[in-house]
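Reviewing the structure listed below.
Number of protein chains: 2
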Amino acid sequence: MKNKKTTIKEVAKKAGVSISTVSLVVNNLPYVSAEVREKVTNAIKELNFYPRRNARGLASKTSGNIGFILTENHFSQAEPFYTKIFLGTEFEARKHRYYVLLTTVAPTRTENEEIPRFLLEENVDGVIIAGKIHQSWIEEVQNRNLPLVLIDFEVSRQGVSSVLIDNAEGIHKAVDYLTKSGHREIGFIGGDIKHPSIKSRFTAYKQTLSEKGIEVRQDLISIDQTDTAIENGFVAAKKVMEISGKKPTAIIAANDAMAIGAIRFLKSSGYMVPKDVSVIGFDNVDAAEHVSPKLTTVHVPKEEMGAIAVKRLVEKIQKIDNVTMKTFVGVDLVLRDSTKVLSSKEVIPVK
Amino acid sequence: MKNKKTTIKEVAKKAGVSISTVSLVVNNLPYVSAEVREKVTNAIKELNFYPRRNARGLASKTSGNIGFILTENHFSQAEPFYTKIFLGTEFEARKHRYYVLLTTVAPTRTENEEIPRFLLEENVDGVIIAGKIHQSWIEEVQNRNLPLVLIDFEVSRQGVSSVLIDNAEGIHKAVDYLTKSGHREIGFIGGDIKHPSIKSRFTAYKQTLSEKGIEVRQDLISIDQTDTAIENGFVAAKKVMEISGKKPTAIIAANDAMAIGAIRFLKSSGYMVPKDVSVIGFDNVDAAEHVSPKLTTVHVPKEEMGAIAVKRLVEKIQKIDNVTMKTFVGVDLVLRDSTKVLSSKEVIPVK
DNA sequence: CTAATTTATCGAAACGTTTCGATAATATTG
DNA sequence: CAATATTATCGAAACGTTTCGATAAATTAG
Chain A
69 MKNKKTTIKE
79 VAKKAGVSIS
89 TVSLVVNNLP
99 YVSAEVREKV
109 TNAIKELNFY
119 PRRNARGLAS
129 KTSGNIGFIL
139 TENHFSQAEP
149 FYTKIFLGTE
159 FEARKHRYYV
169 LLTTVAPTRT
179 ENEEIPRFLL
189 EENVDGVIIA
199 GKIHQSWIEE
209 VQNRNLPLVL
219 IDFEVSRQGV
229 SSVLIDNAEG
239 IHKAVDYLTK
249 SGHREIGFIG
259 GDIKHPSIKS
269 RFTAYKQTLS
279 EKGIEVRQDL
289 ISIDQTDTAI
299 ENGFVAAKKV
309 MEISGKKPTA
319 IIAANDAMAI
329 GAIRFLKSSG
339 YMVPKDVSVI
349 GFDNVDAAEH
359 VSPKLTTVHV
369 PKEEMGAIAV
379 KRLVEKIQKI
389 DNVTMKTFVG
399 VDLVLRDSTK
409 VLSSKEVIPV
419 K
Chain B
69 MKNKKTTIKE
79 VAKKAGVSIS
89 TVSLVVNNLP
99 YVSAEVREKV
109 TNAIKELNFY
119 PRRNARGLAS
129 KTSGNIGFIL
139 TENHFSQAEP
149 FYTKIFLGTE
159 FEARKHRYYV
169 LLTTVAPTRT
179 ENEEIPRFLL
189 EENVDGVIIA
199 GKIHQSWIEE
209 VQNRNLPLVL
219 IDFEVSRQGV
229 SSVLIDNAEG
239 IHKAVDYLTK
249 SGHREIGFIG
259 GDIKHPSIKS
269 RFTAYKQTLS
279 EKGIEVRQDL
289 ISIDQTDTAI
299 ENGFVAAKKV
309 MEISGKKPTA
319 IIAANDAMAI
329 GAIRFLKSSG
339 YMVPKDVSVI
349 GFDNVDAAEH
359 VSPKLTTVHV
369 PKEEMGAIAV
379 KRLVEKIQKI
389 DNVTMKTFVG
399 VDLVLRDSTK
409 VLSSKEVIPV
419 K
């Protein structure tokens with residue numbers, strides 16, 4: 069069925085009403101009699117009418133778009149954590165009749181950094197920022213009075229909502245599982261420790277061990293890598309195995325990439341995973357199922373995070389709910405092959 | 069620096085010229101004196117002016133957007149082959165000052181299937197379709213007189229360009245490598261054989277073997293899976309190992325997912341990869357580096373495919389080159405750990 | 001019954017650009 | 001020198017909707 073590019077004028081003519089009346093019907097607005105509404109609806113169908121996005125946008129000062137911003141390094145990262153989140157936003161946005169425009173910005177900010185064009189052109193009605201980002205980008209959005217939702221990042225700033233991972237719960241579940249499986253020498257490796265998620269995973273690791281009366285041993289910890297890439301997991305695991313006295317029987321990594329790197333180090337150094345050392349990751353990216361052994365990991369519902377962010381943003385755009393919100397998405401421990409039960413009885417420290 | 073939402077009117081006033089003259093300067097069009105051009109440019113900078121996308125769109129009957137369509141199953145597939153292509157389009161589109169709008173459609177087509185909203189709203193200037201798609205979606209785009217580029221798919225239809233994988237070259241390189249490594253019993257597993265890429269990979273497999281004087285054995289082939297998912301690789305490899313007389317020393321899979329499935333079957337059945345059977349995949353998705361052993365595979369430059377598609381489409385949109393083009397992207401064999409050299413001397417069949 | 005309120009329909013301005021034709025000045029060609 | 005072509009600048013219509021206020025009819029309340 070060919071689209072004949074009809075306009076609202078032709079619909080009005082065919083239905084015998086004014087353009088204004090047609091607009092009321094198209095937008096499902098009141099003060100149109102049932103009889104007229106039916107006539108207009110029929111004309112719309114017969115003429116296969118669909119309003120143009122541009123014209124609606126100009127007249128109503130809206131764009132129908134949501135901006136999605138992330139940093140360049142997150143954009144190109146091998147493990148598609150943020151692309152899953154993006155796909156989640158796209159699917160949910162569609163339900164609300166929004167398009168999602170994707171862009172990247174530099175991780176740091178200099179004077180002449182290019183501002184996303186969709187901000188300059190006023191081509192988005194709200195913005196989602198995924199991951200850690202320089203504060204000046206947040207200011208750039210807020211200065212334009214655009215609704216903003218952050219994903220996996222938070223700032224103490226008025227009017228910014230966040231969709232966050234319940235990192236503490238995830239790490240708690242991981243430590244809990246390990247201690248219930250008989251592990252006491254549990255290490256932690258991480259990178260980019262200033263990232264709020266990594267920081268809170270590390271805090272939760274120490275806190276949960278303390279709650280269980282297990283000593284937090286510094287020689288089982290390595291968290292000074294610049295980022296959470298695979299190769300930094302390799303290096304961090306290497307350091308832990310080198311400096312630790314009594315070796316860990318389990319290592320919790322700040323994310324799956326570092327867990328994979330840790331497994332690579334361990335295997336290449338003659339340790340067997342999980343026979344000698346269990347490894348747990350965080351995120352549950354696709355690779356977790358492909359590495360050998362398959363990675364036990366804390367599953368983060370990435371597409372759901374994207375969907376929730378869209379819901380929050382659309383509410384802000386439509387001014388349904390102006391409350392600043394922090395939404396924590398629950399996590400689950402997915403048991404695969406990289407963890408081993410040492411003993412079925414939880415070890416209770418003797419003192 | 070706060071954006072004060074200035075309009076072209078204010079720029080005109082400040083520069084002491086007309087709106088039309090400002091528009092000529094903004095769009096870098098001729099018939100403006102150098103003196104006036106400088107005055108206007110200064111005013112634009114001082115007022116931090118940026119034209120609205122909506123207004124420009126309405127006036128020029130353009131959207132500034134490119135539509136990106138793929139099927140729902142491709143959208144949600146675990147291995148992010150098409151998301152890599154999408155990311156490639158986004159990066160390239162940005163250079164040409166286009167936004168990319170992503171959507172999915174059903175793999176098949178029924179009467180009341182929803183047409184992508186960006187087509188209905190005339191909100192794209194051209195469309196990229198990635199992967200195999202029902203012909204009616206192609207018609208839906210062409211009926212709207214929109215420029216169209218297909219990725220990893222082709223149809224014998226007027227005016228449709230394609231960015232394709234040089235499947236034959238990839239398979240040729242894989243077979244060549246294997247035969248040069250001493251393999252003669254080389255199997256092939258595939259699914260969704262009607263997909264042009266898969267079909268041409270299979271054809272190339274047979275053809276290259278024949279060129280080398282190696283018999284194409286039907287008992288080393290399994291290609292009747294419905295799609296190229298991991299579990300179908302498992303099943304196809306199982307079938308090949310069950311029905312074949314002299315067992316294969318190598319299996320070429322139609323894609324990485326099936327290669328991974330094949331490795332899983334082989335390992336779970338007591339075979340060692342590559343000691344007993346070498347495995348080669350196609351695509352080089354992220355998982356190829358994570359499976360054990362790491363997968364030898366034909367690398368497809370996915371982001372480049374996306375970038376090329378955007379370039380072709382932008383040319384079509386701007387009517388720079390209306391020629392229908394097929395662009396084949398080169399591929400490379402990436403040697404990892406899943407292939408073994410049987411003998412360093414290429415086996416030349418004795419007859 | 002009358003006044004007040006709600007419902008129904010419409011005309012036209014507005015949204016912010018692009019672009020075409022009008023007008024005039026300048027440059028080139030025969 | 002005159003005719004023709006090019007360059008420069010501008011006014012206003014157009015693009016296709018939304019939406020506000022005008023006008024009138026219908027309904028409700030006192």
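Line by line, the protein sequences give chains A and B.
Start counting at 1 in the first sequence, then tack on 68, and there's your number in the working numbering.
Start counting at 1 in the second sequence, then tack on 68, and there's your number in the working numbering.
Glycine included, every Cβ here is placed at the ideal spot set by N, Cα and C.
Compare the beta carbon distance of residue i and residue j with 9 angstroms and say whether it is the shorter of the two.
{"i": "S290 of chain B", "j": "G258 of chain B", "result": "yes"}
{"i": "R61 of chain B", "j": "S312 of chain B", "result": "This structure does not reach residue 61 of chain B, given that chain B is present from 69 up to 419, and the question cannot be answered."}
{"i": "T171 of chain A", "j": "G135 of chain A", "result": "yes"}
{"i": "G250 of chain A", "j": "V409 of chain A", "result": "yes"}
{"i": "M326 of chain B", "j": "D220 of chain B", "result": "no"}
{"i": "V231 of chain A", "j": "L216 of chain A", "result": "no"}
{"i": "F117 of chain B", "j": "T176 of chain B", "result": "no"}
{"i": "D287 of chain B", "j": "T317 of chain B", "result": "no"}
{"i": "I137 of chain B", "j": "I201 of chain B", "result": "yes"}
{"i": "D244 of chain A", "j": "T271 of chain A", "result": "no"}
{"i": "K82 of chain B", "j": "A111 of chain B", "result": "yes"}
{"i": "E158 of chain B", "j": "V173 of chain B", "result": "no"}
{"i": "L334 of chain B", "j": "A305 of chain B", "result": "yes"}
Secondary structure at residue i, three-state DSSP: helix, strand or coil?
{"i": "Y167 of chain B", "result": "strand"}
{"i": "A297 of chain B", "result": "coil"}
{"i": "K394 of chain A", "result": "strand"}
{"i": "S229 of chain B", "result": "strand"}
{"i": "A318 of chain A", "result": "strand"}
{"i": "F186 of chain A", "result": "helix"}
{"i": "S346 of chain A", "result": "strand"}
{"i": "H367 of chain A", "result": "strand"}
{"i": "T176 of chain A", "result": "coil"}
{"i": "I219 of chain A", "result": "strand"}
{"i": "F136 of chain A", "result": "strand"}
{"i": "I197 of chain B", "result": "strand"}
{"i": "D354 of chain A", "result": "helix"}
{"i": "M340 of chain A", "result": "coil"}
{"i": "P264 of chain B", "result": "helix"}
{"i": "Q386 of chain A", "result": "coil"}
In whole angstroms, give me the CA-to-CA distance for residue i and residue j.
{"i": "T178 of chain A", "j": "T89 of chain B", "result": "33 angstroms"}
{"i": "V93 of chain B", "j": "F350 of chain A", "result": "53 angstroms"}
{"i": "F396 of chain A", "j": "S278 of chain A", "result": "24 angstroms"}
{"i": "T296 of chain B", "j": "L126 of chain A", "result": "46 angstroms"}
{"i": "G156 of chain B", "j": "T247 of chain A", "result": "44 angstroms"}
{"i": "E383 of chain B", "j": "D234 of chain B", "result": "22 angstroms"}
{"i": "T109 of chain A", "j": "L97 of chain A", "result": "13 angstroms"}
{"i": "M309 of chain B", "j": "M393 of chain A", "result": "56 angstroms"}
{"i": "I206 of chain B", "j": "E181 of chain B", "result": "14 angstroms"}
{"i": "S23 of chain A", "j": "R332 of chain A", "result": "In the structure displayed, chain A extends from 69 to 419; residue 23 of chain A sits before or after that span and is not available."}
{"i": "T151 of chain B", "j": "I197 of chain B", "result": "13 angstroms"}
{"i": "K163 of chain A", "j": "R185 of chain B", "result": "11 angstroms"}
{"i": "K315 of chain B", "j": "S265 of chain B", "result": "26 angstroms"}
{"i": "R225 of chain B", "j": "L218 of chain B", "result": "11 angstroms"}
{"i": "D260 of chain A", "j": "G398 of chain A", "result": "23 angstroms"}
Leaving aside the five residues before and after residue i along the sequence, list all residues of the same chain whose C-beta is less than 6 angstroms from its C-beta, in chain order.
{"i": "E160 of chain A", "result": "A375, V378"}
So if DSSP puts residue i in a beta bridge, which residue, or which two residues, is it bridged to?
{"i": "S290 of chain B", "result": "B:I257"}
{"i": "D400 of chain B", "result": "B:H367"}
Report all residues from its chain with a CB closer than 7 angstroms to the CB of residue i; omit the five preceding and five following residues, and keep chain order.
{"i": "E208 of chain A", "result": "I183, L187"}
{"i": "G301 of chain A", "result": "I257, A321, A325, M326, A327, I328, G329, A330"}
{"i": "K370 of chain B", "result": "F149, K152, I153, G156"}
{"i": "E78 of chain B", "result": "L115"}
Once the 5 residues before and after residue i are set aside, which same chain residues still bring their CB inside 8 angstroms of it?
{"i": "K362 of chain A", "result": "A356, R404, D405, S406"}
{"i": "V402 of chain B", "result": "N352, A356, T364, T365, V366, H367"}
{"i": "R121 of chain A", "result": "G132"}
{"i": "I282 of chain B", "result": "T247, R252, I254, P417"}
{"i": "V85 of chain B", "result": "V104, K107, V108"}
Taking 8 angstroms as the cut-off, does the CB of residue i come closer than this to any heavy atom belonging to the ligand MG?
{"i": "S91 of chain B", "result": "Of ligands this structure carries none, so the ligand MG is not represented either."}
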